[in-house]
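Comments concern the structure below.
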Amino acid sequence: MATGDFAAQFAQVMTNLKEVLATAGADLTRVVKTNVLLTRAEDIREMNRLYAAAFPAGHLPARTTCVVA
Numbered sequence: 264m265a266t267g268d269f270a271a272q273f274a275q276v277m278t279n280l281k282e283v284l285a286t287a288g289a290d291l292t293r294v295v296k297t298n299v300l301l302t303r304a305e306d307i308r309e310m311n312r313l314y315a316a317a318f319p320a321g322h323l324p325a326r327t328t329c330v331v332a
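Given below as structure tokens:
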């Protein structure tokens with residue numbers, strides 16, 4: 264589990280995702296859909312900002328975001 268503030272945790276998730284994709288010979292342009300689980304609804308706005316900035320221009324995958332307890 265990543266530690267730190269929300270942005271630090273998001274950055275770690277993206278690092279992990281890029282590593283897994285690279286192992287499969289792919290990159291972020293191959294992602295078509297993501298599922299995001301948040302434990303705090305107040306993180307949704309920051310999630311939207313970070314998510315949009317994390318992917319290459321012109322390639323924003325579909326996303327389902329749920330707030331869970």
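In our numbering, the protein residues as written are 264 to 332. Positions of the beta carbon are idealized from the N, C-alpha and C atoms, including for glycine. No experiment lies behind these values; they were computed from the predicted model shown.
Does Ala-285 come out as helix, strand or coil in the three-state DSSP assignment? Taking the first residue of the sequence shown as 1, we reach residue 285 at position 22. If DSSP states are grouped into helix, strand and coil, Ala-285 belongs with the helices.
Measuring alpha carbon to alpha carbon, tell me which of Ala-332, Ala-317, Pro-324, Cys-329 ends up nearest Gln-275. Start at 1 with the first residue of the sequence shown, and residue 275 comes out as number 12. When each option's Cα is compared against that of Gln-275, the closest is Ala-317.
Measure the alpha-carbon distance for Leu-301 versus Ala-320 and round it to whole angstroms. Translated into the one-based positions of the sequence shown, residue 301 becomes position 38. Translated into the one-based positions of the sequence shown, residue 320 becomes position 57. Cα to Cα, the separation comes out at about 24 angstroms.
Assuming the contact rule is C-beta atoms closer than 8 angstroms, Arg-293 and Leu-280 should be a hit. Round their C-beta distance to whole Å, please. As a first step, residue 293 must be located in the sequence shown, where it is residue number 30. As a first step, residue 280 must be located in the sequence shown, where it is residue number 17. Between Leu-280 and Arg-293 the Cβ distance is about 11 angstroms, and since that is not below 8 angstroms, they are no contact.
Taking the alpha carbon of Ala-315 as the reference point, which residue from Ala-287, Thr-297, Ala-289, Gly-267 has its own alpha carbon closest? As a first step, residue 315 must be located in the sequence shown, where it is residue number 52. Comparing Cα-Cα distances from Ala-315 to each of Ala-287, Thr-297, Ala-289, Gly-267, the minimum goes to Thr-297.
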